[in-house]
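Visitor:
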Amino acid sequence: MLMRLDKFLSDGLEISRQDAKKLLGKGQVTVDGAVVKKGDIKVKDDTVVTVSGRKVEYKEFVYIMLNKPVGVVSATDDKNDVTVVDLVKKDYPKRNLFPAGRLDKTSTGFVLLTDDGVFAHDILAPKKHVSKEYTVTLYAPINDEIIEKFNSGVTLADGTLLKSAVLQATDNPLVVKVILKQGVYHQIKRMFGVFDIGVNGLHRTHIGTVALDDSLAGGDYRELTAEELEKIYSQSGAN
Ligand code: URA
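Using the numbering used here, read the sequence shown as starting at 10 and increasing by one per residue.
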């Protein structure tokens, strides 16, 4: 992809075009080893561009793994609450980030933030079957009948018939694992509600086969590695 050098610098360094022009004017920018002072020359996303001797990595899009804490809403902006985008914004001031999929305000765990609309569409489309895995803390234990119902497809109180889901017991009778392949509003809470079991806590641990990095405390984030992105893409069947 060909683009102007000042765009490459502003996207790669998360700075304004104005600041990119200043760097150029000061002679701090090289392209393939030669100092370049004009922003309108065309470069490719893999052209070697340096600023003060340091290579600039151009990224068309970013993909961020966030460990959402309780109390933060899965939205881009909100009048009353802190949003998942607010948590990362200072590092990505120029990106139009949004959450690819939602977690309730009271839920915690893996939220993927991106500015790549096509990717978000691909991983969210019900046909693509990118699974989401949760650790769920309940107010009452499950039994084999509920596991079987999850497997065959729960019918919610409003009549919605859900797809097959995985429900697994753990060593703790009040902690279970749930794997979903769709994302209906408040899905897990409503699924357990059918069996009169309240949900006390809900933590998303995986998107596709990618696990939430356990070194990320609540509110922490990092970019996905190329391998992680590829794993999610390959499950979505998008490539
Ligand atoms: N299901 C829920 O009920 N809440 C979530 O946050 C995610 C899945």
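All C-beta atoms in this analysis are idealised placements derived from N, C-alpha and C, irrespective of residue type, glycine included.
Quick caveat, the model's predicted, so the values are computed rather than measured.
Roughly how far, in whole angstroms, is the beta-carbon of K68 from the beta-carbon of V57, given that I think they are within contact range, below 8 Å?
Guide: If you number the sequence shown from 1, residue 68 lands on position 59. If you number the sequence shown from 1, residue 57 lands on position 48. Contact doesn't hold; Cβ gap of about 15 Å is too wide.
Visitor: So what does DSSP say about Q177, is it helix, strand or coil?
Guide: In the sequence shown, residue 177 corresponds to position 168, counting from 1. Correct three-state label for Q177: strand.
Visitor: State yes or no: is the C-beta of D125 nearer than 6 Å to some heavy atom of ligand 1?
Guide: Locating residue 125 in the sequence shown gives position 116, counting from the first residue. The answer is no for D125.
Visitor: Distance check for I241 and V94, CA to CA, integer angstroms please.
Guide: Indexing the sequence shown from 1 puts residue 94 at position 85. Indexing the sequence shown from 1 puts residue 241 at position 232. Distance between V94 and I241, taken at the CA atoms: about 21 Å.
Visitor: By a C-beta neighbour count over all protein chains shown, 10 Å radius and 16 as the cutoff for buried, is D49 buried or exposed?
Guide: In the sequence shown, residue 49 corresponds to position 40, counting from 1. Under this definition D49 is an exposed residue.
Visitor: Using three-state DSSP, classify L225 as helix, strand or coil.
Guide: Against the sequence shown, residue 225 aligns to sequence position 216. Three-state DSSP puts L225 in coil, outside helix and strand.
Visitor: For the beta strand (DSSP E) holding L11, just list the boundary residues, first then last.
Guide: Translated into positions along the sequence shown, residue 11 becomes position 2. That run of the beta strand (DSSP E) goes L11 to R13.
Visitor: Tell me the DSSP secondary structure of H138 in three-state form.
Guide: The count along the sequence shown starts at 1 and reaches residue 138 at position 129. Three-state DSSP puts H138 in coil, outside helix and strand.
Visitor: Considering only heavy atoms of ligand 1, does any lie closer than 6 Å to the CB of K190?
Guide: One-based indexing of the sequence shown puts residue 190 at position 181. Checking the Cβ of K190 against ligand 1 gives no.
Visitor: Using only Cβ atoms and a threshold of 5 Å, which residues come within that distance of a heavy atom of ligand 1? Order them by chain position.
Guide: L112, D113, S116, H195, Q196, I197 and K198
Visitor: Using CA coordinates, which residue listed in T214, V219 and T169 is at the minimum distance from H195?
Guide: Position 186 of the sequence shown, counted from the first residue, corresponds to residue 195. Among T214, V219 and T169, the Cα nearest to that of H195 belongs to T169.
Visitor: DSSP state of A43, grouped into three classes?
Guide: Locating residue 43 in the sequence shown gives position 34, counting from the first residue. Looking at A43 - three-state DSSP - the assignment turns out to be strand.
Visitor: Check each candidate in H130, T146 and S140 and name the one with the smallest Cα separation from I206.
Guide: Taking the first residue of the sequence shown as position 1, residue 206 is located at position 197. For the options H130, T146 and S140, the alpha carbon positioned closest to that of I206 is the one of T146.
Visitor: Rounding to the nearest angstrom, what Cα-Cα distance links K46 and L171 in this structure?
Guide: For this step, residue 46 is matched to residue 37 along the sequence shown. For this step, residue 171 is matched to residue 162 along the sequence shown. Their Cα atoms are separated by approximately 59 Å.
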